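Per the numbering used here, residue 18 is the first one in the sequence shown, and the count goes up by one each step. Built from N, CA and C at the ideal position, the CB exists for glycine as well. Everything numeric in this text was worked out from a predicted model, so none of it was measured.
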Amino acid sequence: MQKNSIRIVLTTVLLGIFLVGFSLWAALKPADAASDAERRTLAQMPALTGQSLLSGTFADRFEDYATDQFPLRDEFRTLKALTATGLLRQRDNNGLYRVGEHLAKLEYPMSLQSIDHAADRFEALYDTYLKDSGSRVYFSLIPDKNYFMAASNGYPSIDYEAFAGALKARLTNMQYIDIFDLLELEDYYRTDAHWRQERIQDVAARLADAMGVTLTGSYTQKTLEKPFYGVYYGQAALPIAPEPMSYLTGGAIDTATVYNYETDTTGSIYNAEKAAGRDPYEMFLSGSVSLLRIDNPQNTSGRRLVVFRDSFGSSIAPLLVEGYSTVTLVDIRYLASNRLGNYIDFTDCDVLFLYSTGVLNHSDTLK
Numbered sequence: 018m019q020k021n022s023i024r025i026v027l028t029t030v031l032l033g034i035f036l037v038g039f040s041l042w043a044a045l046k047p048a049d050a051a052s053d054a055e056r057r058t059l060a061q062m063p064a065l066t067g068q069s070l071l072s073g074t075f076a077d078r079f080e081d082y083a084t085d086q087f088p089l090r091d092e093f094r095t096l097k098a099l100t101a102t103g104l105l106r107q108r109d110n111n112g113l114y115r116v117g118e119h120l121a122k123l124e125y126p127m128s129l130q131s132i133d134h135a136a137d138r139f140e141a142l143y144d145t146y147l148k149d150s151g152s153r154v155y156f157s158l159i160p161d162k163n164y165f166m167a168a169s170n171g172y173p174s175i176d177y178e179a180f181a182g183a184l185k186a187r188l189t190n191m192q193y194i195d196i197f198d199l200l201e202l203e204d205y206y207r208t209d210a211h212w213r214q215e216r217i218q219d220v221a222a223r224l225a226d227a228m229g230v231t232l233t234g235s236y237t238q239k240t241l242e243k244p245f246y247g248v249y250y251g252q253a254a255l256p257i258a259p260e261p262m263s264y265l266t267g268g269a270i271d272t273a274t275v276y277n278y279e280t281d282t283t284g285s286i287y288n289a290e291k292a293a294g295r296d297p298y299e300m301f302l303s304g305s306v307s308l309l310r311i312d313n314p315q316n317t318s319g320r321r322l323v324v325f326r327d328s329f330g331s332s333i334a335p336l337l338v339e340g341y342s343t344v345t346l347v348d349i350r351y352l353a354s355n356r357l358g359n360y361i362d363f364t365d366c367d368v369l370f371l372y373s374t375g376v377l378n379h380s381d382t383l384k
């Protein structure tokens with residue numbers, strides 16, 4: 018009986034020390050501004066006022082603050098993920114799953130409503146700007162990583178053939194360029210959704226060939242010194258090694274200039290500041306920018322390309338620059354379609370709609 022009492026007291030004391038210690042640690046440690054692993058800003062201590070206290074907003078915001086600023090937060094997230102996927106044998110964690118060293122986000126089911134919305138937006142762009150412009154219009158679909166990982170490993174998967182078929186049935190005024198057969202899992206980053214620029218030169222060549230343009234593809238591969246942790250790394254909280262991020266230089270890529278309509282500035286294809294930042298993939302054309310124009314002084318043909326794209330387009334567009342005098346990139350997730358006529362002349366140019374299945378399956382972001 019005495020031994021049990023000692024054990025209970027000892028357990029209670031140790032628990033008390035743990036709780037008090039972590040509470041003091043949490044209260045005294047400086048608040049972190051952001052989480053590099055999760056690529057987001059963290060909640061800060063809310064201001065305590067009579068109004069915020071009575072309305073309950075202080076309590077809600079303090080709860081977010083306490084959760085975000087808890088000591089060893091990343092370590093506890095990793096412990097939770099390992100427990101869920103290892104000990105409890107859950108097949109995914111936070112909607113992410115792992116096959117070998119590759120992480121992917123579950124993409125299921127296929128949303129016909131979303132595909133219809135995307136097709137509606139593209140058809141509206143065609144009717145408004147392209148129908149009588151003399152432009153040659155194409156579209157291509159980029160498979161997400163689930164195409165290579167999901168069904169073969171027992172995870173739910175959309176029907177990619179049906180997905181492409183639904184788009185082709187709607188977009189009859191556009192020529193479809195199929196690139197599925199050129200891609201494999203190793204063409205994508207292990208801890209991120211995006212494809213690797215150095216491995217998609219054949220994709221760029223097929224797109225260019227379908228549009229009547231020839232690319233030499235003569236580039237030099239370089240690698241960032243900073244190791245790359247993709248967006249899935251932080252979301253999954255699993256211990257996976259980083260990977261190198263490479264990019265291609267040479268030819269038109271080195272001499273082209275990029276005009277950013279948002280900032281009214283001119284820069285280069287690769288953004289060194291972004292390369293050293295929280296998401297190095299944003300080094301490609303500065304990341305999520307609504308409207309860019311790439312000017313290629315080495316090509317004097319006057320031929321122009323307009324690419325409607327998502328973030329995948331940032332890394333493949335530089336490979337297409339060689340074939341054109343100008344390449345304009347439009348992201349209608351951030352720029353309303355009815356404003357495009359103020360910036361772009363669509364007369365007699367090539368127009369490519371290039372989107373990933375992940376974006377088109379959630380196309381409510383397209384304006």
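Reference residue i; option with closest CA among the options
i      : options                        : result
Thr272 : Ser263, Tyr278, Gly284         : Gly284
Thr237 : Ile333, Tyr264, Glu260         : Tyr264
Ile175 : Ser22, Tyr164, Ala183, Leu71   : Tyr164
Tyr11  : Pro314, Ile194, Thr364, Leu232 : No answer is possible for residue 11: the residues shown for the chain start at 18 and end at 384.
Gly319 : Phe325, Ile311, Ser328         : Ile311
Thr280 : Ile270, Pro259, Leu308, Ala258 : Leu308
Met127 : Asp381, Thr374, Leu255         : Thr374
Leu371 : Glu118, Tyr298, Ser131, Met191 : Met191
Thr240 : Asp327, Thr282, Gln252, Pro297 : Pro297
Glu321 : Ser380, Ser152, Leu255, Pro244 : Checking the sequence, you will find Arg at residue 321 rather than Glu. Of the listed residues, the one whose Cα sits closest to Arg321 is Ser152.
Glu201 : Thr382, Ala136, Gln68, Arg216  : Arg216
Ala14  : Ala186, Glu242, Ile349, Pro63  : Any property of residue 14 remains undetermined from this structure, which presents the chain solely from 18 to 384.
Arg223 : Tyr206, Phe245, His211, Asp195 : Asp195
Pro256 : Val30, Leu70, His119           : His119
Ser235 : Ala221, Ser169, Gly229         : Ala221
Ile349 : Asp381, Asp362, Tyr341, Asp133 : Asp381
Glu203 : Arg78, Leu41, His379, Val116   : Val116
Asn170 : Ala121, Tyr341, Leu158         : Ala121
Phe156 : Ala179, Thr189, Thr282         : Thr189
Arg78  : Arg356, Gly67, Gln68, Met62    : Met62
Leu187 : Trp212, Arg138, Gln218, Gly229 : Rather than Leu, the amino acid found at residue 187 in this sequence is Arg. Checking every option, the nearest Cα to that of Arg187 belongs to Arg138.
Ala253 : Leu71, Leu158, Gln107          : Gln107
Pro244 : Thr29, Arg295, Phe325          : Arg295
Phe180 : Asp219, Asp133, Lys148         : Asp133
Val457 : Val324, Thr58, Cys366, Gly73   : As displayed, the chain neither begins before 18 nor continues past 384, which places residue 457 out of reach and without an answer.
Whether residue i touches residue j by CB criterion (8 Å)
i      : j      : result
Leu336 : Tyr249 : no
Phe301 : Tyr287 : yes
Ala225 : Thr231 : yes
Tyr146 : Gly330 : no
Val154 : Val368 : yes
Gly247 : Thr208 : yes
Glu339 : Ala227 : no
Leu185 : Tyr193 : It should be pointed out that residue 185 corresponds to Lys in this sequence rather than to Leu. Yes; because the gap between Cβ atoms is below 8 Å, this pair is in contact.
Ala135 : Leu383 : yes
Ala210 : Leu129 : no
Glu140 : Tyr206 : no
Tyr385 : Asn316 : What is shown of the chain runs 18 to 384, which leaves residue 385 out entirely.
Cβ-based neighbour list, residue i, same chain, cut-off 6 Å, excluding 5 preceding and 5 following
i      : result
Phe197 : Pro160
Val376 : Asp327
Ser150 : Phe363, Thr364
Thr28  : none
Beta-carbon contacts of residue i that lie in its chain and below 8 Å, excluding the five residues immediately before and after
i      : result
Gln214 : Ser263, Tyr264, Leu265, Phe301, Ser332, Ile333, Pro335, Leu336
Leu123 : Asp109, Gly112, Leu113, Tyr114, Asn163, Ala167, Tyr172, Pro173
Thr343 : Arg310, Ile311, Asp312, Asn313, Arg321, Leu322
Asp81  : Ala60
Ser131 : Leu377, Asn378, His379, Ser380, Asp381
Residues that DSSP places opposite residue i in a beta bridge
i      : result
Phe301 : Tyr287
Arg350 : In DSSP, Arg350 forms no bridge with anything.
Lys239 : Tyr264
Phe370 : Phe156, Phe325
Leu309 : Asn277, Leu346
Phe245 : Glu260
Thr282 : Asn277
Ser192 : A small correction: the amino acid at residue 192 is Gln; Ser does not occupy that position in the sequence shown. Paired residue(s): Tyr155.
Tyr205 : Trp212
CB contact below 8 Å: residue i versus chain C
i      : result
Arg310 : No chain C is part of this structure, which consists of one protein chain only.
Same chain only: Cβ atoms within 7 Å of residue i, ignoring 5 sequence neighbours per side
i      : result
Gly267 : Ser235, Tyr236, Thr237
Tyr125 : Pro173, Ser174, Ile175
Tyr360 : Tyr278, Leu308
Practice task
Quick one: which unbroken alpha helix (DSSP H) runs of 4-plus residues sit fully inside the segment 105-186? Chain order, please.
Solution key: 129-142, 163-166
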